[in-house]
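> First the structure, then my questions, so here it is.
Residue numbers (the UniProt record's numbering): 1 to 613.
And the structure:
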């Protein structure tokens, strides 16, 4: 396609979507769906004319994407072929269900970026009931832009029915959209936002890379039917929010963070993806285009914090993030990880959607709601509605939370909310997101009865471990990825590695790096280090090189226990390397002096550590 004066560059937000599609994300994940129900008879011809007229006014929606000489541009299609497909389903056995099914099929059908990047379909379900489905590619419009379109279509339709002149158009142009973003990127506001996010990025050793669970069902793309949260619980949350002078959404976000920490990270830092409109300037509020974005909500949890303190903290973090919401934080994250992990960890998003739009089509009432909010994070928690009519849904298939059916996940969220309401002075360390049955399973998997049988008393870690070995030598001590060791086997394996460490000059008071993934070998290594009286320094193999160098320089371990595959990460850094495989076949070392109870067991650089631990 030839480049001419009609071509415009993509904004950064649009380019991110384009890159996501180019790197393998499903294009239909970026196709937004909105379904409007008309409670009355609608004039099909006038509705079609109103839609075509408004699309003609909304230049950003008519954009088509094309590449020239390795660069990506957009151009508004002057006169696109706008077809409003019609299906009469009034004779169907279940017309509304059929309309929704067909809408899902439309949403799952990719739209080529060469345009048009929108579709409209009208369904007649009864003599006096119609459904209009609109499908839009997120690269040309966001949820707020669709809302602007919907109101304008209703206004124009009403004027057509009454014969009145159309109210003046107010939409900004495609050039206005590009100028709005360019002006921001050249502004002092951009610099201030960049400075804020540079100091508030998630930790570089953030965990959470999940594999999406496989599905054998053809219904895998079908979004779950939203579940209404218990009105009684919501009223309690609302009363508590009012007493604390906090938005209810902040309290619910805090509950989501506790749920995510319990099931997805276990870390002191939880990072939620938080969708934002980015429509801060007045001119952005009349642009039917793509401006929205996502910012990371970085929440650092202290176990000693109370529920009320944590909710206030979450609210403060949300307010800060919203003050700096226009900045493309993901771009900054990618740059900060250039020498380490290749992408931010997969995250859970928390999305508060507006309640259903109510529209007036010449005295025919229509209510519209989104059927697909677009791609946000790997797994999304979605809330919509108002008052005690708050509906909960999910999107995506990644991470531990996706293993739950929606009603079960809703119950778990409600249990967290109830616990928060019942005692807002309780500490975060007392919050548990697993139920009694799951606790029993955990006790079984961990052989808790064998491990805690009798009072262990005080003593060093090796001494306490030795007491367990004497009582439960044949009980499983550790399992990971199909490999297990009993307490007796773990004792022998750690004694063998301890012999290797002593042979390398490691002794009491030293520090030993443990550069291993979560594995049986990692547990063997940590126990071996403690047995020789040293302190272990765990290092995540996925951390960026700069972080690894800092930890090694600051902790100054005498050796690092790792694998042959990972040894190159520490080679040439002035520290000895012990391959964990060296211990295989070594005679176990007995009679180790070990540490005293007051000796340091480990030096750990947590996900929130920015300096010395």
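Every residue, glycine too, gets a C-beta built ideally from N, C-alpha and C.
I'd like the span of the alpha helix (DSSP H) that includes residue 55, first residue to last.
As a position in the chain shown, residue 55 is number 55, starting the count at 1. Here the alpha helix (DSSP H) through residue 55 covers 44 to 57.
> Spatial neighbours of residue 363 within its chain, please: C-beta separation below 8 Å, excluding the five flanking residues on both sides.
For this step, residue 363 is matched to residue 363 along the chain shown. Once the five neighbours on either side are set aside, the close Cβ partners of residue 363 are 40.
> Answer with yes or no whether the minimum CB distance from residue 590 to chain B is below 7 Å.
The structure shown contains no chain B, having only a single protein chain.
> What does DSSP give as the partner residue(s) for residue 170 in the beta ladder?
For the purposes of this step, residue 170 is identified with residue 170 of the chain shown, where counting begins at 1. Note: residue 170 sits in no beta bridge, so no partner.
> Could you tell me which residues DSSP pairs with residue 293 in its beta bridges?
By one-based count along the chain shown, residue 293 stands at place 293. For residue 293, which the question treats as bridged, DSSP gives the partners 276.
> If you check the beta carbons only, do residue 287 and residue 177 fall under 7 Å apart?
In the chain shown, the residue the question calls residue 287 occupies position 287. In the chain shown, the residue the question calls residue 177 occupies position 177. With respect to residue 177, residue 287 sits close: the two C-beta atoms are nearer than 7 Å.
> If we call anything under 7 Å between Cβ atoms a contact, is residue 358 one with residue 367?
Your numbering for residue 358 matches position 358 in the chain shown. Your numbering for residue 367 matches position 367 in the chain shown. Yes.
> What's the C-alpha gap between residue 147 and residue 170?
Residue numbering aside, residue 147 sits at position 147 when the chain shown is read from its first letter. Residue numbering aside, residue 170 sits at position 170 when the chain shown is read from its first letter. Going from the Cα of residue 147 to the Cα of residue 170 covers about 14 Å.
> Using only CA atoms, which one of 71, 583 and 414 lies nearest to residue 235?
Position 235 of the chain shown, counted from the start, is the residue given in the question as residue 235. Minimum Cα distance to residue 235 is reached at 414.
> Assuming residue 517 and residue 537 are in contact, meaning their beta carbons sit under 8 Å apart, how far apart are those beta carbons, in whole angstroms?
As a first step, residue 517 must be located in the chain shown, where it is residue number 517. As a first step, residue 537 must be located in the chain shown, where it is residue number 537. Rounded, the Cβ-Cβ distance is 15 Å, inconsistent with contact.
> Between the C-alpha atoms of residue 48 and residue 84, what's the straight-line distance to the nearest angstrom?
Translated into the one-based positions of the chain shown, residue 48 becomes position 48. Translated into the one-based positions of the chain shown, residue 84 becomes position 84. Their Cα atoms are separated by approximately 6 Å.
> Taking just the CA atoms, how far does residue 22 sit from residue 475?
For the purposes of this step, residue 475 is taken as the residue at position 475 of the chain shown. For the purposes of this step, residue 22 is taken as the residue at position 22 of the chain shown. Rounded to whole angstroms, residue 475 to residue 22 spans 50 Å at the Cα level.
> Residues in its own chain within less than 6 Å of residue 407 by CB, not counting five upstream and five downstream?
Here the question's residue 407 lines up with position 407 in the chain shown. 227.
> According to DSSP, simplified to helix, strand and coil, what is residue 455?
What you label residue 455 is simply residue 455 of the chain shown in a count that begins at 1. Model confidence at residue 455 stands at a pLDDT of 48, short of 50, so the residue's coordinates are unreliable; what they give is reported in the following sentence. Here residue 455 sits in coil by DSSP.
> What does DSSP give as the partner residues of residue 372 in its beta bridges?
Along the chain shown, one-based indexing puts residue 372 at 372. BP columns for residue 372 point to 33.
> Mind pulling the beta strand (DSSP E) runs of 3 or more residues that sit fully within the segment 90 to 155?
118 to 126 and 129 to 137
> Starting from residue 190 and walking both ways along the alpha helix (DSSP H), at which residues does that stretch end?
Position 190 of the chain shown, counted from the start, is the residue given in the question as residue 190. 188 to 199 is the extent of the alpha helix (DSSP H) around residue 190.
> Considering only their Cβ atoms, is the gap separating residue 588 from residue 496 smaller than 7 Å?
If you number the chain shown from 1, residue 496 lands on position 496. If you number the chain shown from 1, residue 588 lands on position 588. Yes, Cβ-Cβ distance for residue 496 and residue 588 is below 7 Å.
> Taking C-beta to C-beta, are residue 318 and residue 250 nearer than 7 Å?
One-based indexing of the chain shown puts residue 318 at position 318. One-based indexing of the chain shown puts residue 250 at position 250. Cβ atoms of residue 318 and residue 250: closer than 7 Å.
> Look at residue 575 and residue 560 and say whether their C-beta atoms are less than 7 Å apart.
Your numbering for residue 575 matches position 575 in the chain shown. Your numbering for residue 560 matches position 560 in the chain shown. Yes, these two residues count as a Cβ contact at 7 Å.
> Mark residue 203 as exposed unless 16 or more other C-beta atoms lie within 10 angstroms of its C-beta, in which case mark it buried.
Residue 203 sits at position 203 when you count from the first residue of the chain shown. Flag for residue 203 reads buried.
> Which residues in the same chain have their Cβ closer than 8 Å to the Cβ of residue 194, if we skip the five residues on either side of it in sequence?
Mapped onto the chain shown, residue 194 falls at position 194. So the list reads 327 and 332, once near-sequence residues are dropped.
> Just to check my reading of the structure: residue 535 and residue 603 have Cβ atoms closer than 8 Å, yes? What is that Cβ distance to the nearest angstrom?
As a working note, residue 535 is residue 535 in the chain shown. As a working note, residue 603 is residue 603 in the chain shown. About 5 Å; that satisfies the 8 Å criterion.
> Got a sec, what are the start and stop residues for the alpha helix (DSSP H) residue 596 sits in?
Numbered from its first residue, the chain shown carries residue 596 at position 596. Note, residue 596: premise wrong, no alpha helix (DSSP H); not H, not E.
> Quick one: what's got a C-beta closer than 6 Å to residue 519's C-beta in the same chain, skipping five residues either side?
The residue labelled residue 519 in the question sits at position 519 within the chain shown. Closer than 6 Å at the Cβ level, and outside the excluded window around residue 519, lie 480.
> Decide if residue 105 is buried, meaning its Cβ has at least 16 other Cβ atoms within 10 Å, or exposed.
The residue given as residue 105 occupies position 105 in the chain shown. Counting Cβ neighbours within 10 Å, residue 105 comes out exposed, since fewer than 16 surround it.
> Tell me which residue opens and which closes the beta strand (DSSP E) that residue 348 is part of.
Taking the first residue of the chain shown as 1, we reach residue 348 at position 348. Counting along the chain, the beta strand (DSSP E) containing residue 348 begins and ends at 348 to 353.
> Going residue by residue through the UniProt domain "AMP-dependent synthetase/ligase" (468 to 613), where are the continuous beta strand (DSSP E) segments of at least 3 residues, counting only ones entirely within it?
476 to 480, 483 to 486, 511 to 514, 535 to 538, 559 to 562 and 576 to 579
> For the ligand GDP, is there any heavy atom lying closer than 6 Å to the beta carbon of residue 556?
Ligands are entirely absent from the displayed structure, and the ligand GDP is therefore not among its contents.
> Whether or not the segment 156 to 165 and the segment 376 to 393 are in contact is what I'm after, with contact meaning three or more pairs of Cβ atoms, one per stretch, closer than 8 Å; do they touch?
no
> Which two residues bound the contiguous alpha helix (DSSP H) that contains residue 250?
By one-based count along the chain shown, residue 250 stands at place 250. Where residue 250 is concerned, the enclosing alpha helix (DSSP H) stretches over 248 to 260.
> With H, G and I counted as helix, E and B as strand and the rest as coil, what does DSSP make of residue 395?
Counting from 1 along the chain shown, the entry for residue 395 is found at position 395. Under the three-state reduction of DSSP output, residue 395 falls in the strand class.
> On the criterion of 16 or more Cβ atoms from any shown chain inside 10 Å, does residue 17 qualify as buried, or is it exposed?
By 1-based counting over the chain shown, the position of residue 17 is 17. The Cβ neighbour count for residue 17, taken over all protein chains shown within 10 Å, is at least 16; the residue is labelled buried.
> Could you tell me whether the segment 83 to 98 touches the segment 55 to 65, where touching means 3 or more Cβ pairs closer than 8 Å?
no
> May I have the straight-line CA-CA distance separating residue 629 from residue 6, to the nearest angstrom?
Past the boundaries of the shown model lies residue 629; the chain is included only from 1 to 613, so the question cannot be answered.
> What separation, rounded to the nearest whole angstrom, lies between the Cα atoms of residue 460 and residue 596?
On the chain shown, position 460 is the one that residue 460 refers to. On the chain shown, position 596 is the one that residue 596 refers to. So the alpha carbons of these two residues sit roughly 6 Å apart.
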